[in-house]
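Chemist: Here's a structure for you.
Numbering (the numbering used here), first residue to last: 62 to 263.
Here it is, written out as structure tokens:
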């Protein structure tokens, strides 16, 4: 099995054990959906850094799990074809339009955030005002002209699109990459760092 990456959703077999630690809501959340999301962080060999999602934005719990606890891995790209599982909200229409925009590029991508969680688990975590988080999984920064064109198209869609590039060096927000500053914030397993990537990608 390919090592899970940040944003991947993992179905775990030891939900009851995980529920013994952390905030009071963790046990109920894992009982409803024994799924966690891979975080970008360091941990001991044989473990993975993950986040547990509860109801409401304030209920997020970071922890580590043993790799042997993983029963299933769903990557953002695996979730695109599950669009029909979303309720009729703006994010659903936006996901359909983003699919039409990104498919011709050949890039590996998929939904993250509340939309991705809903599509993976079947537990509705979205609401009518939900944004659409889009994860572009790439080995290097794509041409900036293409990314700028995509951003312009995203801005015309019904729901707000929050796009992030997932690179080997870390995660970069599309808006940061296309911003005026030379130094770009890269979210790495060791924390955020500033790097000069714009010139390298141009």
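For glycine and all other residues, C-beta sits at the position ideal for the given N, C-alpha and C.
Are there 16 or more other CB atoms within 10 angstroms of the CB of residue 232, so buried, or fewer, so exposed?
Modeler: Counting from 1 along the chain shown, the entry for residue 232 is found at position 171. Buried, since its Cβ has 16 or more Cβ neighbours within 10 Å.
Chemist: Between the C-alpha atoms of residue 151 and residue 134, what's the straight-line distance to the nearest angstrom?
Modeler: Start at 1 with the first residue of the chain shown, and residue 151 comes out as number 90. Start at 1 with the first residue of the chain shown, and residue 134 comes out as number 73. Straight across, the Cα-Cα distance linking residue 151 with residue 134 is about 27 angstroms.
Chemist: Among the candidates 249, 219, 251, 201, whose CA atom is the shortest distance from the CA of residue 258?
Modeler: Residue 258 sits at position 197 when you count from the first residue of the chain shown. Closest by alpha carbon: 201.
Chemist: Between 131, 157, 132, which lies nearest to residue 140 when the distance is taken from Cα to Cα?
Modeler: Counted from its first residue, the chain shown places residue 140 at position 79. For the residues 131, 157, 132, the minimum Cα distance to residue 140 belongs to 157.
Chemist: Under 8 angstroms: do the stretch 167–174 and the stretch 193–209 share three or more Cβ pairs, one atom per stretch?
Modeler: yes
Chemist: Determine the closest residue to residue 211 out of 69, 90, 236, 192, with distance taken between C-alpha atoms.
Modeler: Counted from its first residue, the chain shown places residue 211 at position 150. For residue 211, the nearest C-alpha among the options comes from 236.
Chemist: Candidates 242, 184, 228: which alpha carbon is nearest residue 268's?
Modeler: For residue 268 there is no data in the structure shown, the boundaries of the chain being 62 and 263.
Chemist: Considering only DSSP beta bridges, list what residue 111 is partnered with.
Modeler: In the chain shown, residue 111 corresponds to position 50, counting from 1. 99, 124, per the DSSP bridge assignment.
Chemist: Taking the straight line between their C-alpha atoms, what separation do you get for residue 116 and residue 253?
Modeler: Start at 1 with the first residue of the chain shown, and residue 116 comes out as number 55. Start at 1 with the first residue of the chain shown, and residue 253 comes out as number 192. The straight-line gap from Cα to Cα measures roughly 27 angstroms.
Chemist: How far does the alpha helix (DSSP H) with residue 174 in it reach, from first residue to last?
Modeler: Numbered from its first residue, the chain shown carries residue 174 at position 113. Residues 174–182.
Chemist: Helix, strand or coil for residue 230, going by three-state DSSP, please let me know.
Modeler: Sequence index remark: in the chain shown, residue 230 carries index 169 (1-based). In the structure shown, residue 230 sits in coil (DSSP, three-state: anything other than H, G, I, E or B).
Chemist: Can you tell me which of 118, 98, 119 puts its alpha carbon nearest to the alpha carbon of residue 109?
Modeler: Taking the first residue of the chain shown as 1, we reach residue 109 at position 48. Nearest option by C-alpha distance: 98.
Chemist: On the CB-based measure, 16 or more other CB atoms within 10 Å of its CB, does residue 161 come out buried or exposed?
Modeler: Counted from its first residue, the chain shown places residue 161 at position 100. Classification for residue 161: exposed.
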